[in-house]
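**Q** Residue numbers (our numbering): 6 to 455. Take a look at the following structure, please.
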Ligand SMILES: [Zn+2]
């Protein structure tokens, strides 16, 4: 079990905030003068035939504004066409606005199109966010270059309860009087974590479906896809059995031969983790609010662990998925403790209470003495101590003290309202009679009852 410790919880809004600050700093490094921007806008106006001829005495700003407005309409039309192409299965329409000179992009866009059709969205739309300026991109494509952040808004039936949003960066150029998509990766480094690394962005996929399960694998990896779908269905059953929350959603599992999918990174510090559940957002952090609005979660499997995926591992991750849309403000010890609680109840059902009792004693004897408090959110996933075991013990202790139903209600309250330490302590105290400090003290003197 420890060899396949699921090592990543729902990356909460707070984690995003830090990353957004980093992104803002990076973007600030791109220097671009107002004068240059005006010159480029002039150049764009010249290149765009859809712009009405400016009257001789028109002021410069109005000509620029007209060109920008015309460009906005032209790009909106292209984006609408691409979404319609997916919904109607029309590959030619999808490729109609892709630069014919960029053969590599056209080949990649064919794969993207096939993937999007295979996912089968109930809703799909693209919109322009803000223009971004990058001198090297401008240099590469010339004066008509339009680099823009794109919001892709979609809904996968049953998986996403509401439409969710992900980011892209598209480079358009004007040639022969029309706008063409000439690159789709030149803004990737400046986007949020996991942008342009969705399940459909990384090569040809196939989708395996089961009741309440959607599994994405490499095209042709059918046997593995079906096996994972079966295990996921069993994992779902365990979550429904051992966690009182009534969750009716479907679980989306991505098992590709890729170390970076969405915000999961299995190449570096998370290399030992078998799977990770990453958040989906109905509104991205920074879009309407700093934290964004969490909509749910998708499971990503470590490529090296794809053959070892079982319902025990997946029940841990599906607990995260089932609780993801509650708000995301719960402390990590509670999130990981609850997920471990569910997966260990599954082990107990299969192998009897002996193994669980042995493990609980090991956590009491070995893991608890390595810590001086409940594991904090900061550095949780980098902590070399067995923070998962201690979190699990804390939830076991709380279940014994107030009952599983009350622990689940505590979780919901924390997820919705635990935005800072004072709120968390207030919620914990009112529902359990303990603060995090006294809960920790209780764990240090806890003797499992057999
Ligand atoms: Zn976890």
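C-beta atoms are modelled at their ideal positions from N, C-alpha and C, and glycine is treated no differently.
Cβ of residue 341 within 7 Å of any heavy atom in ligand 1?
**A** Yes, ligand 1 has a heavy atom inside 7 Å of this Cβ.
**Q** Using the C-alpha atoms, what's the distance from residue 210 back to residue 224?
**A** In a straight line, the C-alpha of residue 224 is about 4 Å away from that of residue 210.
**Q** So what's residue 118 in DSSP terms, helix, strand or just coil?
**A** Three-state result, residue 118: helix.
**Q** Is it right to say residue 4 is buried, meaning 16 or more other beta carbons lie within 10 angstroms of its own, or is it exposed?
**A** An answer regarding residue 4 cannot be provided, because it is not within the stretch 6 to 455 covered by the chain.
**Q** State the CB to CB distance for the pair residue 154 and residue 172, rounded to an integer number of angstroms; the pair is presumed to be in contact (CB under 8 Å).
**A** Their Cβ separation, rounded to whole angstroms, is 6 Å, which keeps residue 154 and residue 172 in contact under 8 Å.
**Q** Assuming residue 432 contacts residue 419 (C-beta within less than 8 Å), just tell me the rounded distance between them.
**A** Contact holds; Cβ gap of about 6 Å.
**Q** Please confirm whether residue 423 and residue 358 have their CB atoms less than 8 Å apart.
**A** No, they are not a contact pair.
**Q** If you draw a straight line from the alpha carbon of residue 299 to that of residue 181, how long is it in whole angstroms?
**A** Roughly 43 Å separates the two Cα atoms.
**Q** Which residue from 187, 169 and 170 puts its Cα closest to that of residue 152?
**A** Among 187, 169 and 170, the Cα nearest to that of residue 152 is on 187.
**Q** Pull up the distance between the alpha-carbon of residue 226 and that of residue 306, whole angstroms please.
**A** Approximately 14 Å between the Cα atoms of the pair.
**Q** For residue 65, count neighbouring Cβ atoms within 10 angstroms of its own Cβ and tell me buried if that reaches 16, exposed if not.
**A** By the neighbour-count rule (16 or more Cβ atoms within 10 Å), residue 65 is not buried but exposed.
**Q** Is residue 390 near ligand 1 - that is, is its Cβ less than 7 Å away from at least one heavy atom of it?
**A** Residue 390: no, Cβ never under 7 Å from ligand 1.
**Q** Is it true that the CB of residue 232 sits closer than 8 Å to the CB of residue 256?
**A** No, the Cβ-Cβ distance between residue 256 and residue 232 is not below 8 Å.
**Q** Please classify residue 287 as buried or exposed, where buried requires at least 16 other C-beta atoms within 10 Å of its C-beta.
**A** Buried is the call here.
**Q** Looking at C-beta atoms only, is the number of pairs between the region 256-269 and the region 196-206 that lie closer than 8 Å three or more?
**A** Verdict: yes, contact present.
**Q** Would you give the residue range spanned by the beta strand (DSSP E) that residue 133 belongs to?
**A** Counting along the chain, the beta strand (DSSP E) containing residue 133 begins and ends at 128-137.
**Q** Can you tell me which residues form a DSSP beta bridge with residue 265?
**A** Note: residue 265 sits in a beta bridge opposite 270.
**Q** Along the chain, where does the alpha helix (DSSP H) containing residue 248 start, and where does it finish?
**A** No alpha helix (DSSP H) contains residue 248, which DSSP labels as neither H nor E.
**Q** Say the cut is 7 Å; is the CB of residue 344 nearer than that to a heavy atom of ligand 1?
**A** Yes, ligand 1 has a heavy atom inside 7 Å of this Cβ.
**Q** Give me whichever residues DSSP pairs with residue 159 in a beta bridge.
**A** For residue 159, which the question treats as bridged, DSSP gives the partners 129 and 169.
**Q** Roughly how many angstroms lie between the CA atoms of residue 221 and residue 200, to the nearest whole one?
**A** Distance between the alpha carbons of residue 221 and residue 200 is about 18 Å.
**Q** Hey, which unbroken runs of the alpha helix (DSSP H) at 4 residues or more fall wholly within the region 53-113?
**A** For the region 53-113, whole alpha helix (DSSP H) runs of length 4 or above, ordered along the chain, are 65-93 and 96-100.
**Q** Give the single residue among 254, 244 and 247 whose Cα lies nearest to the Cα of residue 163.
**A** Of 254, 244 and 247, the residue nearest in Cα terms is 254.
**Q** Would you be able to state if there are at least three C-beta pairs under 8 Å between the region 116-132 and the region 141-149?
**A** No, because fewer than three Cβ pairs between the region 141-149 and the region 116-132 fall closer than 8 Å, the two stretches do not touch.
**Q** Which of the three DSSP states, helix, strand or coil, is assigned to residue 12?
**A** At residue 12 the pLDDT is 38, less than 50, meaning the model places this residue with poor confidence; the figure from the coordinates comes in the next sentence. It is coil, neither helix nor strand.
**Q** For residue 233, decide whether its Cβ has a neighbour in chain D, counting only Cβ atoms nearer than 8 Å.
**A** No chain D appears in the structure shown, which is made up of a single protein chain.
**Q** How would you label residue 302, buried or exposed, when you count the other beta carbons within 10 angstroms and need 16 or more for buried?
**A** Result: buried.
**Q** My guess is that residue 248 and residue 324 are in contact by the Cβ rule of under 8 Å, so how many angstroms apart are they, rounded?
**A** With a Cβ gap of about 6 Å, residue 248 and residue 324 count as contacting.
**Q** Which residues share a DSSP beta bridge with residue 185?
**A** According to DSSP, which records beta bridges pairwise, residue 185 is partnered with 178.
**Q** So, residue 321 versus residue 345, is the Cβ gap smaller than 8 Å?
**A** Result yes, Cβ atoms of residue 321 and residue 345 sit closer than 8 Å.
**Q** Just verifying my parser: in three-state terms, what is the DSSP assignment at residue 442?
**A** Reduced to three states, the DSSP call for residue 442 is helix.
**Q** Taking the alpha-carbon positions, what's the residue 411 to residue 340 distance?
**A** Cα to Cα, residue 411 sits roughly 15 Å from residue 340.
**Q** So if DSSP puts residue 213 in a beta bridge, which residue, or which two residues, is it bridged to?
**A** For residue 213, which the question treats as bridged, DSSP gives the partners 220.
**Q** Quick one: what's residue 326 bridged to in DSSP?
**A** The partner list for residue 326 (beta bridge, DSSP) is empty, contrary to what the question assumes.
**Q** When the distance is taken between beta carbons, is residue 316 closer than 8 Å to residue 230?
**A** For residue 230 and residue 316, no; Cβs fall outside 8 Å.
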